[in-house]
Amino acid sequence: MPTAPAGAPQRRDTSRRTTDPSGERSASAGRRPLTASRRANRAGLAFVSPTFLVVLVVVVLPIAWTVLLAFQKARLVDIQGMGLFGNWSLDNFSQVFDSAGFWSSLGTTLLYTAGATLGSVLLGLVAALALRKPFKGRGLLRAAMLLPYVAPVVAVAFVWEVALSPQYGVVNDWGRRLFGWDDPIAFLSTRQYEVDLLGLHFDVPLALLTVIVFECWRYFPFAFLFILARLQAVPDTLEEAALVDGATPTQRFRHVLLPQLMPVIALLCVLRFIMTFNKFDDVYLLTGGGAGTDVAAVRVYDFLTARYDVGAAAAQALVLALSLMILLGFYFKFFGNKVQEEA
Amino acid sequence: MSGKTALTRARFEERFFGVARWIVIAFLAVITLLPFYYMVLLSLKPIDALLLDPGSLWVSAKDFTLSTYRDVLRSTDDGGQGFLRFLLNSALVSLGTVVLTLVAAVPGAYAVSRLKFFGHRQVSALFLAVYLFPATLLAVPLFVIFAKIGLSSSLVGLAVVYVAQTVPVSIYMLKNYLVTIPASIEEAAALDGCSRLQTVRKVILPLALPSLMATGLYVFMIAWNEFLFALLFLAADPGEWTVSLGLAQLSNGIEVPKTVLMAGSVILTIPVVLLFFAAERLLTEGLTSGADKS
Chain F
97 MPTAPAGAPQ RRDTSRRTTD PSGERSASAG RRPLTASRRA NRAGLAFVSP
147 TFLVVLVVVV LPIAWTVLLA FQKARLVDIQ GMGLFGNWSL DNFSQVFDSA
197 GFWSSLGTTL LYTAGATLGS VLLGLVAALA LRKPFKGRGL LRAAMLLPYV
247 APVVAVAFVW EVALSPQYGV VNDWGRRLFG WDDPIAFLST RQYEVDLLGL
297 HFDVPLALLT VIVFECWRYF PFAFLFILAR LQAVPDTLEE AALVDGATPT
347 QRFRHVLLPQ LMPVIALLCV LRFIMTFNKF DDVYLLTGGG AGTDVAAVRV
397 YDFLTARYDV GAAAAQALVL ALSLMILLGF YFKFFGNKVQ EEA
Chain P
10 MSGKTALTRA RFEERFFGVA RWIVIAFLAV ITLLPFYYMV LLSLKPIDAL
60 LLDPGSLWVS AKDFTLSTYR DVLRSTDDGG QGFLRFLLNS ALVSLGTVVL
110 TLVAAVPGAY AVSRLKFFGH RQVSALFLAV YLFPATLLAV PLFVIFAKIG
160 LSSSLVGLAV VYVAQTVPVS IYMLKNYLVT IPASIEEAAA LDGCSRLQTV
210 RKVILPLALP SLMATGLYVF MIAWNEFLFA LLFLAADPGE WTVSLGLAQL
260 SNGIEVPKTV LMAGSVILTI PVVLLFFAAE RLLTEGLTSG ADKS
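Chains as they are written, first to last, in this note's numbering: chain F, 97 to 439; chain P, 10 to 303.
As structure tokens, then:
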């Protein structure tokens, strides 16, 4: 869509130059220099076009095609002979909305996303506050704390899988030794775990919870980095003034630091929410989408690879992207100003 | 009276958070380091030792072994898992992605940060919006297109997909850095007779080198760690597997001991972690620049 405005001024430029006789004359006599803003305009368009082209070809066009595919009956085998505009229908969408699996998966995705977003941002905030003042070895610890974020997801997922394994996992072994667990707990394959606490009886969605904890663990460094950077930019005088006024640490945090951090926290929440909503690899590697962890992205993958039903996969991906946009729309409507300032 | 209670509350809080801070620091150190220690530890013992005593957190001298690594790295012809080949594939894809992404992102980032051109607001919004699109949405059409043009099991195709994933972030990171370079430097270069392109090549790029490196590093990490597209496009062709994919496929095999899997994990993790520690400051500053402005 931005091709039109991007091309428009250039066209206007050239047309003006060719129709304007004085411009024509001076061009032949030795080109009249363009105004600085017009030159910047031209250079800008020239510089942005390669990038724009790449984004257009590898991102925008494929997404546009997903939209088309979602309205077609398309299995991978038929696609070879299919034109861009085949038979249009809403079958894929009715199939998506009619299946019970879709709604439960959407619910799971929302739970997973909300839990992982809040958890990772909160842990990141706590970490940033704890590492705010310098101490010996802070630099090293700060670097080490980024490990979960930079390490390959496949590797860390396996470490968790092995550590949590009921047969040879270190967690269950220590749980038995320290807390006297009778039976090993299958963290990644238990849909509902019964817990008796103070005479009350709970069913905990254990596998989902484990996956959420994993996600918090993996992404809290991201939040930590951004919050720490912002913390370091808070002027000391603000807190000193609060200290002189006799504010306690919690008061200083609540009334001085938190307002300063709010924009970056809001931005992080939005970013993490979007990322987690579409997250595929973490859940796929840990549980394969079983035991109540069938998040939407894993379902799309299953449609695509197990059934080769490209149309249904596209429709589902589209519905997800749209629901994400609606959620974001609400968010920006109510809290938008802060985030926009930050972005 | 009220002054006194406030003082004691303040003192209590100071003391409480003084202690809590160290507990938190210790907790964070444990949760971030222990999994990686555990990974290395398991990779160094034979599977029997793990099964006998799953709770042990060290490896005794008589159990210590490097055969897991030998098994993982040896080529499949020699009965190993062929990870050397996967390492090479991963390196090729990741480096290719870094180069392509930078080539695609630098001009755009420069234009967005420096030049007031018609529609520059829309273009930079588009770049950001693209960053928000889910990989699964892209996966469907790319899967189909690649199946159609026969790129579906090639490293080149994979690198192209990774470029799509990394260009938006790169533009964002580079842009945040480029706006901090004073415009007067460019004006001086222009006065000395440099054209815009020359200015970018001779003045801006050298000045932006830290940011280029940080961005390149981040792109490398994304490409090296990526799993979904590798799985979609390469799963059928073991010769082209990346390390991530190779490891995931290895775990599906029933006969591979977990300790060998852990050795594979260590091998997958080491290049990224080494790179990261070599350039940690650069990377964190590149990522968060712009986050601290109020």
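Think of the CB as a built atom: it goes at the ideal place given N, C-alpha and C, for glycine as much as any other residue.
Of all Cβ atoms in chain F, is any one closer than 7 Å to the Cβ of A19/P?
-> yes
Is L260/F close to chain P, meaning its C-beta is less than 7 Å from at least one C-beta of that chain?
-> no
By DSSP, does Q90/P sit in helix, in strand, or in coil?
-> coil
Spatial neighbours of T77/P within its chain, please: CB distance less than 6 Å, with the 5 preceding and 5 following residues excluded, ordered by chain position.
-> S52, T268, V269, A272
Quick one, which of L221/F, T131/F, L165/F, L152/F has its alpha-carbon nearest L354/F's?
-> The closest CA to that of L354/F, considering only L221/F, T131/F, L165/F, L152/F, is found on L221/F.
Can you give the Cα-Cα distance for R123/P and G117/P, rounded to whole angstroms?
-> 10 Å
Hey, quick one: how far does the alpha helix (DSSP H) through Y289/F stretch, first residue to last?
-> No alpha helix (DSSP H) holds Y289/F; the beta strand (DSSP E) holding it covers 289-293.
Could you tell me whether the region 294-314 of chain F touches the region 211-231 of chain F, where touching means 3 or more Cβ pairs closer than 8 Å?
-> yes
Is the Cβ of L307/P closer than 7 Å to any Cβ of chain F?
-> In this structure chain P extends from 10 to 303, so residue 307/P is not present and cannot be described.
Those residues which DSSP pairs with H129/P across a bridge | DSSP output for H129/P lists no bridge partner at all.
Determine the chain P residues that contact L334/F at a beta-carbon separation under 7 Å, and present them in chain order.
-> Here the premise fails: no neighbours, minimum Cβ distance about 11 Å.
Is the shortest distance between the beta-carbon of S274/P and the beta-carbons of chain F less than 7 Å?
-> yes
Touching or not, the region 32-51 of chain P and the region 232-244 of chain F, by the rule of three or more beta carbon pairs under 8 Å?
-> yes
Separation of W313/F from P244/F, as counted between CA atoms = 7 Å
Beta carbon proximity, A239/F to chain P, threshold 7 Å = Chain P contact via Cβ: present.
Where do the ends of the beta strand (DSSP E) carrying F298/F lie?
-> 296-300
Classify V28/P as buried or exposed, calling it buried when 16 or more other Cβ atoms lie within 10 Å of its own Cβ.
-> A residue is called buried when at least 16 other Cβ atoms come within 10 angstroms of its Cβ; V28/P does not meet this threshold and is exposed.
Could you tell me whether any Cβ in chain P is nearer than 7 Å to the Cβ of R121/F?
-> The predicted position of R121/F is uncertain, since its pLDDT is 44 and thus under 50; no value can be drawn from it.
Return the CA-CA distance between Q347/F and S162/P, expressed in angstroms with no decimal places.
-> 58 Å
Does I34/P get closer than 7 Å to chain F when you measure Cβ to Cβ?
-> True, the Cβ-Cβ gap to chain F drops below 7 Å.
DSSP three-state assignment for Q263/F, whether helix, strand or coil = coil
Name the DSSP beta bridge partners of Q168/F, please?
-> Bridge partners of Q168/F: W184/F.
Whole-Å CB distance - V132/P paired with F148/F, under 8 Å assumed = Rounded, the Cβ-Cβ distance is 7 Å, consistent with contact.
Close Cβ partners of L259/P (< 7 Å) along its chain, the five nearest in sequence each way excluded = Q90, V265, L270, G273
Below-7 Å beta-carbon distance, F275/F vs any chain P residue = no
Within its chain, find whatever has a CB closer than 7 Å to the CB of A58/P; leave out the 5 residues flanking it on each side and keep chain order.
-> Around A58/P: D72.
Please name the residue in A402/F, V249/F, F322/F whose C-alpha comes closest to that of L225/F.
-> F322/F
Pick out whichever of T145/P, V212/P, N98/P, V170/P has its Cα sitting closest to the Cα of M371/F.
-> T145/P
Would you please verify whether the beta carbon of L305/P is less than 7 Å from any beta carbon of chain F?
-> For residue 305/P there is no data in the structure shown, the boundaries of chain P being 10 and 303.
Which value, in whole angstroms, describes the spacing of the CA atoms of V149/P and V153/F?
-> If you draw a straight line from the Cα of V149/P to the Cα of V153/F, it comes to about 15 Å.
Mind listing the chain P neighbours of N137/F? Cutoff is C-beta to C-beta under 8 Å, in chain order.
-> L124, K125, F126, F127
Quick one: what does DSSP say L227/F is sitting in, helix, strand or coil?
-> coil
Per-residue DSSP class, three states only, for V330/F | coil
How about A325/F and S201/F: do their beta carbons lie closer than 7 Å?
-> no
Close-in-space but distant-in-sequence residues of the same chain around A287/P (CB under 7 Å, 5 per side omitted) = none
Taking a Cβ distance cut-off of 9 Å, strictly less, list which residues of the region 57-82 of chain P are near chain F, in chain order.
-> L59, L60, D62, P63, G64, S65, L66
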